[in-house]
Amino acid sequence: MELTVISGKGGTGKTTIAMALSELAKDVVKADCDVDAPNLYLFYKGRDIKKEYFYGGKKAVIDKKFCTDCKECEKVCQFDAIKDGIVNPFKCEGCGACTLVCPQKAVRLKEEKTADVYITQTNKGIISRAQMEVGSEGSGKLITQLRSNARKFSDENILIIIDGSPGIGCPVISSITGSDAVLIVTEPTQSGLEDFVRVMELCRHFGVLTFACINKYDINDKMAGEIGGFCRENDVYVIGKIPYDDTVMKSINELKPIVHYEGSKANQAIRKMWDNIQEYINRINQ
Amino acid sequence: MNIAILSGKGGTGKTTVSTNLSTIIGANYIDCDVEEPNGFIFLNPSQIKREEVQVDYPVVDSNRCTLCGDCAKVCQFHALVRTKKDIMLFEKLCHGCHACEIVCKQGALTFEKREIGIIEEGRYGNLICRRGILNVGEPMAVPVIKKLLKNFPTGINLIDCAPGTSCNVVNSLQYADSAILVTEPSVFGFHDLKMAVQLVRNFHLPFGVIINKYNAEDDRVQKYCEKEDINILGAIPYRREAAEAYSSGKMIVELPEYKEIFEEIAKRLREVFPWN
Ligand code: SF4
Ligand code: SF4
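Residue numbers (the working numbering), protein chains in the order written: chain A, 80 to 365; chain B, 16 to 291.
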């Protein structure tokens, strides 16, 4: 069983919730697919038991020894990545068209390391995670690799919780496709609603079972109502509503998952949501 | 003068800073967070013009194609696959590079265009507001960002970038003369700030930091900036009124306290990145 937690955009409490759920689930493998801002492992003491390089793309390189500056490569490049025999690595998409037209065979594609991929053993189980090279693409391929690494450490009975990527692009598409269920965390703000609509459409587009959770629902009751109404119209079950709670900020700064704060309102709401999720999981497994 | 607004991750207040600052300093606003463009909610520009963003994709002429499979072999993105009957295209994987066309000996490939998003441009008073919107289900944002940043309005432009330090951000940074990094004083915020700093340093851009959700008890960002010799452009405290204004799509500079804060930031900005 794989549960992916996503949000239209960052800062909605997605990581806090993904982490709280994995604490409650106990026996769980975690994958931090928010590769742009991987924060999950910061909460745990752990050690990396495996590290691999990830080659996420290719870049053209020109061997100056052979180049006659005929500019054939420059003409054919659709991404304006070559100028005067110099490849701009930020623009190059690694398509290789330049390698096909160079009369001197001076251009070739070189594999580019875009991330370090880790398996981290923590006091609370395994985390599959990556550290991207700054400025690299958080590609779908990398997410797929992180998910498959997580799967190697779990069996059918162990839940995998994925802290998904923000947005609606390539990384998030790879985070949700093939997942058993997706939990969208949203906030009752105007922008929260817009982002929610887009990411929910995406989940439907790919046909995954989708739940919603409204975080800080009480900061704007009207907006929360609108999101709830929108979910009803689209058959998305609001599986949890979490009140605004200062303890959440405190838990982040103390690096202690929110479920360990007994008096916290958010904690109680998340526990209730977890019961609801479990009920669903049990029903699916029957 | 193009100023990019970055954040290590989402939710730090990048759009709040960009939209409010653009009205205070009189800068055009360009929303490059094409996966979730939220800036127009606050600026609500009028007289919107729309333009499609299109990308190329190959079409196979089955009368000419001999199924040699050279096109599929050369495609780095696995967008073309040879089957027993035909050449199949996975259009969302295609980058429109034309490599397949170059290798096809039969001249069986031609290119057509399809829409992956739109660009919108409108006005907020004298200011020009522009944004790109990626269609839902489309994986590649870069062509939308490129088209959005092809021409700039004259004057100062604030470029509201995508969150994080990914290729979408890199593509926006190519066009920037300086950068503002928005961060928040938390363990997460701080961790992500360091990555954003590394990125702008790679581009050799002058930059400064704005601390959002400022909290006097936590001074790790200040200490870090001091040590690294980074300019702090301002600090924006967190208040429930501001969160409420934000949640209903209002500009926080409508609150006098915040207007003053943004005016201070604007002043500081002129000292740090001299323009005119
Ligand atoms: S096509 Fe080859 S020889 Fe001509 S400019 Fe490019 S790299 Fe140099
Ligand atoms: S290279 Fe040309 S002829 Fe060969 S399979 Fe592709 S389209 Fe057909």
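All C-beta atoms in this analysis are idealised placements derived from N, C-alpha and C, irrespective of residue type, glycine included. Because the structure is a prediction, the values reported are computed rather than measured.
TODO: Compare the C-beta of Val-96/B with all C-beta atoms of chain A and state if any pair is closer than 8 angstroms.
DONE: Your numbering for residue 96/B matches position 81 in the second sequence. For Val-96/B, the answer is no, since every Cβ of chain A falls outside 8 angstroms of its Cβ.
TODO: Would you identify the three-state DSSP class for Val-197/B, choosing helix, strand or coil?
DONE: Against the second sequence, residue 197/B aligns to sequence position 182. The DSSP-derived three-state label of Val-197/B is strand.
Task: Reduced DSSP secondary structure (H/G/I, E/B, other) of Cys-144/B - done: As a first step, residue 144/B must be located in the second sequence, where it is residue number 129. Secondary structure at Cys-144/B: strand, using DSSP grouped into helix, strand and coil.
Task: Whole beta strand (DSSP E) elements within the stretch 94 to 154 of chain B, 3-residue minimum - done: If we require 3 residues or more, the beta strand (DSSP E) runs fully inside the stretch 94 to 154 of chain B come out as 95 to 97, 102 to 104, 124 to 139 and 142 to 149.
Open item on the list: Would Tyr-261/B pass as an interface residue toward chain A - the criterion being a Cβ-Cβ separation below 8 angstroms?
Closed with: Numbered from its first residue, the second sequence carries residue 261/B at position 246. Against chain A, the CB of Tyr-261/B has a partner CB under 8 angstroms away; the residue lies at that interface.
Task: Extent of the continuous alpha helix (DSSP H) to which Asp-207/B belongs - done: Here residue 207/B refers to the residue found at position 192 of the second sequence. That run of the alpha helix (DSSP H) goes 202 to 217.
Task: Spatial distance of Lys-295/A from Gly-84/B (CA atoms) - done: As a first step, residue 295/A is located in the first sequence; it is residue number 216 there, counting from the start. As a first step, residue 84/B is located in the second sequence; it is residue number 69 there, counting from the start. Lys-295/A and Gly-84/B: Cα-Cα distance of roughly 54 angstroms.
- [ ] Write down the C-beta distance between Asn-202/A and Tyr-123/A rounded to the nearest angstrom, noting that I regard them as a contact closer than 8 angstroms.
- [x] Taking the first sequence and counting its residues from 1, one reaches residue 202/A at position 123. Taking the first sequence and counting its residues from 1, one reaches residue 123/A at position 44. Right, their Cβ atoms sit about 6 angstroms apart.
- [ ] Indicate whether the contact test is met: 3 or more Cβ pairs, each with one atom in the stretch 180 to 199 of chain B and one in the stretch 144 to 159 of chain B, closer than 8 angstroms.
- [x] Below 8 angstroms, enough C-beta pairs join the stretch 180 to 199 of chain B and the stretch 144 to 159 of chain B to call them touching: three or more.
Task: Under the three-state DSSP convention, the category Ser-254/A falls into - done: Here residue 254/A refers to the residue found at position 175 of the first sequence. Look at Ser-254/A here: in three-state DSSP terms it is helix.
Open item on the list: Please give me, in chain order, every unbroken run of the beta strand (DSSP E) with length at least 3 that falls completely inside the stretch 227 to 280 of chain B.
Closed with: Whole beta strand (DSSP E) segments, 3+ residues: 246 to 252.
Task: Strand pairing of Glu-66/B, partner residues [DSSP] - done: Taking the first residue of the second sequence as 1, we reach residue 66/B at position 51. Glu-66/B pairs with Ile-134/B.
Open item on the list: Checking 8 angstroms against the spacing of the C-beta atoms, do Gly-243/A and Thr-83/A come in under that value?
Closed with: Counting from 1 along the first sequence, the entry for residue 243/A is found at position 164. Counting from 1 along the first sequence, the entry for residue 83/A is found at position 4. At the C-beta level, Gly-243/A and Thr-83/A come within 8 angstroms of one another.
Open item on the list: Just to confirm the assignment, what range does the beta strand (DSSP E) spanning Val-261/A have?
Closed with: One-based indexing of the first sequence puts residue 261/A at position 182. Segment 260 to 265, the beta strand (DSSP E) holding Val-261/A.
Open item on the list: Which same chain residues end up closer than 7 angstroms to Val-180/A when comparing Cβ atoms and leaving out the 5 residues on each side of it in sequence?
Closed with: As a position in the first sequence, residue 180/A is number 101, starting the count at 1. Around Val-180/A, the same chain offers Glu-151, Cys-152 and Val-155 as residues with beta carbons nearer than 7 angstroms, after the five sequence neighbours per side are excluded.
- [ ] Express the C-alpha separation of Pro-336/A and Ile-247/A in angstroms, rounding to a whole number.
- [x] Within the first sequence, the letter at position 168 stands for residue 247/A. Within the first sequence, the letter at position 257 stands for residue 336/A. Straight-line spacing of the CA atoms in Ile-247/A and Pro-336/A works out to 27 angstroms.
Task: Proximity test, Cβ basis, 8 angstroms: Asn-291/B and chain A - done: Working through the second sequence from its first residue, we reach residue 291/B at position 276. At Asn-291/B, the pLDDT of 46 sits below 50, so the modelled position is not reliable; the number obtained from the coordinates is stated separately. So, not an interface residue.
Open item on the list: For Tyr-281/B, which residues in the same chain have their Cβ closer than 8 angstroms to its Cβ, ignoring the five residues on either side in sequence?
Closed with: Within the second sequence, numbered from 1, the residue matching residue 281/B stands at position 266. The question names Tyr, yet the displayed sequence has Ala at residue 281/B. Non-local C-beta neighbours of Ala-281/B in its own chain, meaning closer than 8 angstroms and more than five positions away in sequence, comprise Leu-36, Ile-39 and Ile-40, ordered along the chain.
- [ ] Kindly say whether Arg-226/A, judged by its beta-carbon, lies nearer than 8 angstroms to any beta-carbon of chain B.
- [x] Within the first sequence, numbered from 1, the residue matching residue 226/A stands at position 147. Interface flag for Arg-226/A against chain B is unset, since no Cβ pair is found closer than 8 angstroms.
TODO: Can you tell me which of the three DSSP states Thr-95/A falls into?
DONE: Stepping through the first sequence from its first residue, residue 95/A is reached at position 16. Three-state DSSP puts Thr-95/A in a helix.
TODO: Please name the residue, chosen from Thr-193/A, Arg-350/A and Ile-360/A, that lies closest to Glu-102/A on a Cα-to-Cα basis.
DONE: Taking the first sequence and counting its residues from 1, one reaches residue 102/A at position 23. The shortest Cα separation from Glu-102/A among Thr-193/A, Arg-350/A and Ile-360/A belongs to Arg-350/A.
Task: Cross-strand partners of Asp-71/B (DSSP beta bridge) - done: Start at 1 with the first residue of the second sequence, and residue 71/B comes out as number 56. DSSP links Asp-71/B through a beta bridge to Lys-128/B.
Open item on the list: Below 8 angstroms on C-beta distance, what does Gly-87/A contact in chain B?
Closed with: Locating residue 87/A in the first sequence gives position 8, where the first residue counts as 1. For Gly-87/A, the chain B residues whose Cβ falls inside 8 angstroms of its Cβ are Glu-51, in order along the chain.
Task: Selection of the stretch 256 to 289 of chain A by Cβ proximity to chain B, strictly under 7 angstroms - done: Contacts with chain B (Cβ-Cβ distance below 7 angstroms) from the stretch 256 to 289 of chain A involve Pro-267, Thr-268, Gln-269, Ser-270, Glu-273, Asp-274, Arg-277, Glu-280, Leu-281 and His-284, listed in chain order.
Open item on the list: Let's test the definition: count the other Cβ atoms within 10 Å of the Cβ of Arg-146/B and tell me whether it reaches 16, buried, or not, exposed.
Closed with: Translated into the one-based positions of the second sequence, residue 146/B becomes position 131. By the 10 Å Cβ count, Arg-146/B comes out buried.
Task: Cα-Cα separation between Ile-128/A and Glu-256/B, rounded to whole angstroms - done: The residue given as residue 128/A occupies position 49 in the first sequence. The residue given as residue 256/B occupies position 241 in the second sequence. So the alpha carbons of these two residues sit roughly 47 angstroms apart.
Task: Closest residue to Asp-195/A among Lys-170/A, Leu-225/A and Gly-164/A (Cα-Cα distance) - done: Within the first sequence, numbered from 1, the residue matching residue 195/A stands at position 116. Between Asp-195/A and the set Lys-170/A, Leu-225/A and Gly-164/A, the nearest pair of CA atoms involves Leu-225/A.
TODO: Check the Cβ-Cβ distances between Thr-91/A and every residue of chain B, and say whether any is below 8 angstroms.
DONE: Here residue 91/A corresponds to residue number 12 of the first sequence, with the count starting at 1. At least one C-beta of chain B is nearer than 8 angstroms to the C-beta of Thr-91/A.
Open item on the list: Closer than 8 angstroms is the cut-off here; do at least three beta carbon pairs connect the stretch 203 to 223 of chain B with the stretch 344 to 359 of chain A?
Closed with: These segments do not touch.
- [ ] Determine the chain B residues that contact Ile-172/A at a beta-carbon separation under 9 angstroms, and present them in chain order.
- [x] Within the first sequence, the letter at position 93 stands for residue 172/A. For clarity, residue 172/A is Glu in the given sequence; the question names Ile instead. Against chain B, a Cβ distance below 9 angstroms from Glu-172/A picks out Gln-91, Phe-92, His-110, Cys-112 and Val-157.
Task: Beta-carbon gap between Glu-81/A and Ile-206/A smaller than 8 angstroms - done: Here residue 81/A refers to the residue found at position 2 when the first sequence is read from its first residue. Here residue 206/A refers to the residue found at position 127 when the first sequence is read from its first residue. It is not a contact, given that the beta carbons lie outside the stated cut-off.
Open item on the list: Classify Glu-286/B: buried if its beta carbon has 16 or more other beta carbons within 10 angstroms, exposed otherwise.
Closed with: Reading the second sequence from its first residue, position 271 is the one you call residue 286/B. Exposed.
Open item on the list: Is Ala-139/A near ligand 4 - that is, is its Cβ less than 7 angstroms away from at least one heavy atom of it?
Closed with: This structure simply doesn't include ligand 4; it includes ligand 1 and ligand 2 instead.
TODO: Tell me where the beta strand (DSSP E) around Phe-290/A begins and ends.
DONE: For the purposes of this step, residue 290/A is taken as the residue at position 211 of the first sequence. First-last of the beta strand (DSSP E) with Phe-290/A: 288 to 294.
Open item on the list: Please classify Glu-199/B as buried or exposed, where buried requires at least 16 neighbouring CB atoms within 10 angstroms.
Closed with: Here residue 199/B is taken as the residue at index 184 of the second sequence, counted from 1. Buried is the call here.
Task: Closer than 9 angstroms at the beta carbon, the chain A residues around Ser-201/B - done: Looking up residue 201/B in the second sequence gives position 186. Those are Met-328, Ile-331 and Asn-332, listed as they occur along chain A.
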